[in-house]
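Student: First the structure, then my questions, so here it is.
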Amino acid sequence: VVMTQSPLSLPVTLGQPASISCRSSQSLVYSDGNTYLTWFQQRPGQSPRRLIYKISNRDSGVPDRFSGSGSGTDFILKISRVEAEDVGVYYCMHGTHWPPGSGYTFGQGTKLEIK
Amino acid sequence: QVQLVQSGAEVKKPGASVKVSCKASGYTFSNYGMSWVRQAPGQGLEWVGWISAYSGNTDYAQKFQGRVTMTTDTSTSTGYMELRSLRSDDTAVYFCVRDTAASGAADPSHWGQGTLVTVSS
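Those sequence lines, one after another, are chains L and H. Numbered by the numbering used here, the letters in the first sequence go through residues 151 to 265 in order. Numbered by the numbering used here, the letters in the second sequence go through residues 49 to 169 in order.
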């Protein structure tokens, strides 16, 4: 599976919305009917932090200005109003441990900066 | 709360080995697995491999096959990643990540703080 993000650079004015696209080379619908598409945020100098799992489920403590949507092969992360603390790199990711060697595939990352 | 605390930075010479540890707390360690992901300076994220703390099953990325070994110690809730025959392009921050215990869809959630491994002569 290849994950392709766009844009790779995203300058945004504070308070304005932002949107990141993630496209997979094949359907991410798993045999259990779930779609395992995850979004991570990596702030400068920090470890990645999971924001969204299974397309649209927000993790505990994640502000509700973050939302995920999509299906099949096309997914979007939206930030309704960008704040200064949102600066960082955002990665989409799909993973499976079967067949062996599949592992995680990450998108290239989208760098969000304040204009 | 879930916490993953990794061992400190390492400096190694080419050809040497490194073993990074990741001590988990805040959850039942044997009910989950652990993946390892690395990030070279200024680069993106690269999966290294996974181990189930429940079964001991492992799954390694093809490029690391034969050079990496992942283990867990359920008595201390600690995961380990050993990488051998180090090269300069192994210089990276290595993260442990809590993952599923079963072979199937991955479900990474919590990340360690990262361990910088520098390979230099």
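Where is the CB? At the ideal position from N, CA and C, for every residue including glycine. Keep in mind the model is a prediction, meaning the values are calculated, not measured.
1. Leaving out the 5 sequence neighbours to the left and right, which residues in its chain are closer than 7 Å to residue 177 (chain L) when beta-carbon positions are compared?
2. For residue 170 (chain L), which residues of its own chain have a beta-carbon under 6 Å away from its beta-carbon, when the five flanking residues on both sides are left out?
3. Name the chain L residues whose beta carbon is nearer than 7 Å to that of residue 137 (chain H)?
4. Using a cut-off of 8 Å between C-beta atoms, extract the partners of residue 156 (chain H) located in chain L.
5. With a threshold of 9 Å between beta-carbons, can residue 175 (chain L) be considered close to chain H, or not?
6. Just the C-alpha distance for residue 225 (chain L) and residue 158 (chain H), rounded to the nearest angstrom, thanks.
7. Return the residue from the list H:56, H:74, H:136 that minimises the CA-CA distance to residue 50 (chain H).
8. Any C-beta of chain H sitting closer than 9 Å to the C-beta of residue 197 (chain L)?
9. Nearest chain L C-beta to residue 59 (chain H) closer than 9 Å, yes or no?
10. What residue does the beta strand (DSSP E) around residue 161 (chain L) start on, and which one ends it?
11. Are the Cβ atoms of residue 37 (chain H) and residue 57 (chain H) separated by less than 9 Å?
12. Which residues, taken in chain order from the stretch 222-240 of chain L, show a beta carbon closer than 7 Å to some beta carbon of chain H?
13. When the distance is taken between beta carbons, is residue 165 (chain L) closer than 9 Å to residue 115 (chain L)?
14. Does any residue of chain H bring its CB to less than 9 Å from the CB of residue 220 (chain L)?
15. Flag this pair as yes or no: are the beta carbons of residue 61 (chain H) and residue 167 (chain H) separated by less than 9 Å?
16. Residue 97 (chain H) lies in the beta strand (DSSP E); which residues open and close that run?
Tutor: From the atom records:
1. Here residue 177 (chain L) refers to the residue found at position 27 of the first sequence. Excluding its 5 nearest sequence neighbours in each direction, residue 177 (chain L) has C-beta neighbours in its own chain below 7 Å: 222, 223, listed in chain order.
2. Walking along the first sequence from the start, residue 170 (chain L) turns up at place 20. Taken in chain order, the residues that qualify are 227, 240, 260.
3. Looking up residue 137 (chain H) in the second sequence gives position 89. Chain L residues near residue 137 (chain H): none, gap ~18 Å exceeds 7 Å.
4. Walking along the second sequence from the start, residue 156 (chain H) turns up at place 108. Neighbours of residue 156 (chain H) on chain L, chain order: 188, 200, 243, 245, 254.
5. Within the first sequence, numbered from 1, the residue matching residue 175 (chain L) stands at position 25. Taking Cβ atoms only, chain H never reaches closer than 9 Å to residue 175 (chain L), which makes this a no.
6. Within the first sequence, residue 225 (chain L) is the residue found at index 75, counting from 1. Within the second sequence, residue 158 (chain H) is the residue found at index 110, counting from 1. The alpha-carbon atoms of residue 225 (chain L) and residue 158 (chain H) are separated by roughly 22 Å.
7. Your numbering for residue 50 (chain H) matches position 2 in the second sequence. Nearest option by C-alpha distance: H:74.
8. If you number the first sequence from 1, residue 197 (chain L) lands on position 47. For residue 197 (chain L), the answer is yes, since a Cβ of chain H falls inside 9 Å of its Cβ.
9. On the second sequence, residue 59 (chain H) is found 11 positions in, with the first residue counted as 1. Judged by the 9 Å Cβ criterion, residue 59 (chain H) is not in contact with chain L.
10. On the first sequence, residue 161 (chain L) is found 11 positions in, with the first residue counted as 1. Secondary structure note for residue 161 (chain L): its beta strand (DSSP E) is the uninterrupted segment 159-162.
11. Because chain H spans 49 through 169 in this model, residue 37 (chain H) falls outside it and cannot be assessed.
12. Hits within the stretch: zero.
13. In the structure displayed, chain L extends from 151 to 265; residue 115 (chain L) sits before or after that span and is not available.
14. Here the question's residue 220 (chain L) lines up with position 70 in the first sequence. It does not; no Cβ of chain H falls within 9 Å.
15. By one-based count along the second sequence, residue 61 (chain H) stands at place 13. By one-based count along the second sequence, residue 167 (chain H) stands at place 119. Yes.
16. For this step, residue 97 (chain H) is matched to residue 49 along the second sequence. Unbroken beta strand (DSSP E) run through residue 97 (chain H): 94-100.
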